[in-house]
Amino acid sequence: MQALADRSRRTVLEILRDHPATAGELADALPIARPGVSRHLRVLREAGLVDVRQEAQRRIYSLRPEALAEVDDWLADYRALWSNRLDALHTEIARGKKARR
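When the letters of the sequence shown are read in order and numbered with UniProt numbering, they come out as residues 1 to 101.
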């Protein structure tokens, strides 16, 4: 979760969701210097959210969707909790509107 807390790292994941990319391509898309992008990629790699493969002199980064599926599974209980609470709020709002008529 800590790896997902940073906006730049989330942007990297959004880019990699669409296609694999090199560190240079990712750096071009972010408002930070290339060493900063490398640090973010290391954090994402260590968290198991991205894979890297070597192609000649280039390192190609790609998203590991199974790692995000684990996050989604963890969030499922919270999603259900909020869904129930939002349903209850909707009911209360509807009751309030009826009472005003």
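Even glycine gets a Cβ: it sits at the ideal position worked out from N, Cα and C.
Computed from a predicted model, the values in this text were never measured in an experiment.
Exposed unless 16 or more other CB atoms sit within 10 angstroms - verdict on residue i
i: Pro-78; result: According to the sequence displayed, residue 78 carries Tyr and not Pro. The residue in question, Tyr-78, is exposed, as its Cβ has fewer than 16 Cβ neighbours within 10 Å.
i: Ala-76; result: exposed
i: Ala-3; result: buried
i: Leu-89; result: exposed
i: Gly-21; result: Per the sequence shown, residue 21 should be read as Ala rather than Gly. By the neighbour-count rule (16 or more Cβ atoms within 10 Å), Ala-21 is buried.
i: Leu-63; result: buried
i: Leu-49; result: buried
i: Leu-81; result: exposed
Same chain, Cβ closer than 6 Å to residue i, neighbours up to 5 away in sequence not counted
i: Arg-34; result: Ala-27
i: Ala-47; result: Ala-3
Cβ neighbours of residue i in the same chain (closer than 7 Å, five flanking residues each side left out)
i: Arg-9; result: Ala-3, His-40, Val-43 and Leu-44
Handout entry: alpha helix (DSSP H) runs contained entirely in the UniProt domain "HTH arsR-type" (1-83), provided each spans 4 or more residues
Key = The alpha helix (DSSP H) runs lying completely inside the UniProt domain "HTH arsR-type" (1-83) and spanning 4 residues or more are 7-18, 23-29 and 34-46, given in chain order.
Exercise for the section: Check whether the stretch 54-73 touches the stretch 14-33, taking contact to mean three or more Cβ pairs, one atom from each stretch, closer than 8 Å. Expected result: Contact between the stretch 54-73 and the stretch 14-33 is present: three or more C-beta pairs spanning the two stretches fall below 8 Å.
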